[in-house]
Amino acid sequence: MKKFMIKSLAAAMTVAGTFGVSAALKAQPAEQYLPLLTYRTGSFAPLGIAWGDGKIDYLELVNAQGGVNGVKIRFEECETAYATDRGVECYERMKNAHGGAAAFDTQSTGITFAVTDRAPSDKMVVQTTGYGLSQSAAGAYFEWSFPLLGHYWTAADVAVQHIAEQMGGLDKLKGKKIAFVYHDSPYGKEPILLLQKRAEAHGFELQLYPVTAPGVEQKSTWLQIRQRRPDHVILWSAGVMTPTSIREAQATGYPRDKILAIWWAGSENDVKDIAQVAKGYKTITLHNSAGKDFGVYQKLEDEVFGKGKGMGKGNGTHGTIAYNRGMMISFLAVEAIRTAQEKFGVGQHMNSEQIRWGFENLNIDEARLEETGMAGMMRPVRTTCEDHVGGDWARIAQWDGAKWEVISDWMQADQDFVKPIVMEEAKKYADAKGITPRDCSAVE
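Under mature numbering (1 follows the signal peptide of the UniProt record, and there is no 0), the letters of the sequence shown match residues -23 to -1, 1 to 421, in that order.
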């Protein structure tokens, strides 16, 4: 009798549980979890605040429009202060939360280096839009890493091309001097290999000037620059280091229009407090992320800001270059989720392997950019097993004392020069880590 009662109770619980779970599943729509590593504190905060606001506001817009085919994005910030150890802690804590993270935009080269080795075993996408490990562009070797839209070798190559154009061609670089002033961290050191190879190929002298973090003490650096008289300066800074560099350039009489900065050193927050001092200063753009004359801004006004939501308008960051890049990062993650759904199930939660497939099969054409309001801010993006960048377009913008003005046509890195370096360094990395590259011809 006792045995029968236990079995009956178990059966009743099973039936109730089955109906309860079914009802719960019907009542609770699918969600996709997207962690947001941000730095609203620390020396990089002037960049990180706007960047983080842009990420969040685009996701708010997607959710206001019903999510990705009905699947809402659940997002959560984790403050790193740009510290690698804190970033790794965020990664470990969040990777399996809420059904598993869709991807991680680490927002730091140092954090990227720290988690890249973990990503394959964790089956976790590392999205590094415009930064990260440059050789991870080779998707055959780096299955889980996506330096979308460009990396630091493509940016450095564009910088050399622009300087050469100012001088009359690459052949005119011979005998010239180019200074590289950089944040003494993995972020700042990443372009050095490409610049050294360009210097060797074209016969210019590359002068290296590391700046100790956070970058507020640069007097000795710019005194050396005044003494050695480089023809141009390439600046690889971020946060408080950037306006300090510009001020010291003025103090030592170095012309600001001879300084060309990486995209993370070229937003309104870098120059607004030193507007006239910075006049003439130039930056590389990641695609065309300057301004707010894009359709997505009307969508934000209607769906987010107009309903009392969002971060950028209240913080005054919306419309800045850094804010736009934050939106671009979230846009790409959302499009990867959408691409995965089209393959594996529209309106369903995607696991990390399915989302990785989505990142590797992005095909964002002009029509899709128009539909989302991102046309003009970005150019079409198409990724493959071989190419985890998807299109490294850039332009040059110059600060006129009040606003950024785009002064160049569209530019790209010379892949005949860059790709062999990417492949060589990817192979070295794979050999050191015991990684067998994928046969991309056999990948679906």
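Ideal Cβ placement from N, Cα and C applies to all residues, glycine included.
Subject >> Contact set for Tyr68: own chain, Cβ-Cβ below 7 Å, skip 5 residues either direction >> reply: Phe81 and Val92
**OP:** Can you give me the Cβ contacts of Phe123 inside the same chain, cut-off strictly under 6 Å, excluding the 5 residues immediately before and after it?
**Re:** Gln104, Phe336 and His365
**OP:** Measure from the alpha carbon of Asp234 to the alpha carbon of each residue in Trp241, Val217 and Gln253, then state which is nearest.
**Re:** Gln253
Original post:
Candidates Leu346, Gly293 and Ile298: which alpha carbon is nearest Phe308's?
Top reply: Leu346
Original post:
Measuring CB to CB, does Arg302 end up less than 7 Å from Leu277?
Top reply: no
Subject >> Unbroken alpha helix (DSSP H) run spanning Gln392, endpoints >> reply: Gln392 to Lys410
Original post:
According to the neighbour-count rule (16 or more other Cβ atoms, all chains shown, within 10 Å of its Cβ), is Ala4 buried or exposed?
Top reply: Caution applies to Ala4, whose pLDDT of 46 falls short of 50 and renders its modelled position unreliable; the value that the coordinates give is listed next. Under this definition Ala4 is an exposed residue.
Original post:
Would the C-beta of Tyr406 count as close to the ligand GTP, meaning under 6 Å from any of its heavy atoms?
Top reply: Questions concerning the ligand GTP fall outside what the structure shown contains, since it holds no ligand whatsoever.
Subject >> Start-to-end residues for the alpha helix (DSSP H) that takes in Val39 >> reply: Ala22 to Ala41
Original post:
Nearest-angstrom Cα distance between Glu421 and Ala352?
Top reply: 29 Å
**OP:** Can you have a look at Trp387 and say buried or exposed, based on whether 16 or more other CB atoms are within 10 angstroms of its CB?
**Re:** exposed
Original post:
Using the beta-carbon count (16 or more within 10 Å), is Gln375 buried or exposed?
Top reply: buried
**OP:** Please work out which residues of its chain come closer than 6 Å, Cβ to Cβ, to Glu182, disregarding the five sequence neighbours upstream and downstream, and give them in chain order.
**Re:** Lys154
Original post:
In terms of alpha-carbon separation, which member of Ser266, Gln143 and Thr189 lies closest to Gly31?
Top reply: Ser266
Subject >> Pair within 7 Å by beta-carbon distance, Gly116 and Ser85 >> reply: no
Original post:
Buried or exposed: Gln42, going by 16 or more other Cβ atoms within 10 Å of its Cβ?
Top reply: exposed
Original post:
What separation, rounded to the nearest whole angstrom, lies between the Cα atoms of Tyr258 and Asp377?
Top reply: 8 Å
Original post:
Excluding the five sequence neighbours on either side, which residues of its own chain have a C-beta within less than 6 Å of the C-beta of Val137, listed in chain order?
Top reply: Arg175
**OP:** In the DSSP assignment, find the unbroken alpha helix (DSSP H) run with Thr61 in it and report its ends.
**Re:** Thr61 to Met71
**OP:** Spell out the partners DSSP gives Glu382 in its beta bridges.
**Re:** Gln375
Original post:
Leu170 and Ile211: beta carbons closer than 7 Å?
Top reply: no
Original post:
Mind checking whether Arg333 and Val102 have CB atoms under 7 Å apart?
Top reply: yes
Original post:
On the three-state DSSP scale, how would you describe Gln253?
Top reply: coil
Subject >> Beta-carbon gap between Asp134 and Val383 smaller than 7 Å >> reply: no
Original post:
Would you call Lys72 buried or exposed, if buried means 16 or more other Cβ atoms sit within 10 Å of its Cβ?
Top reply: buried
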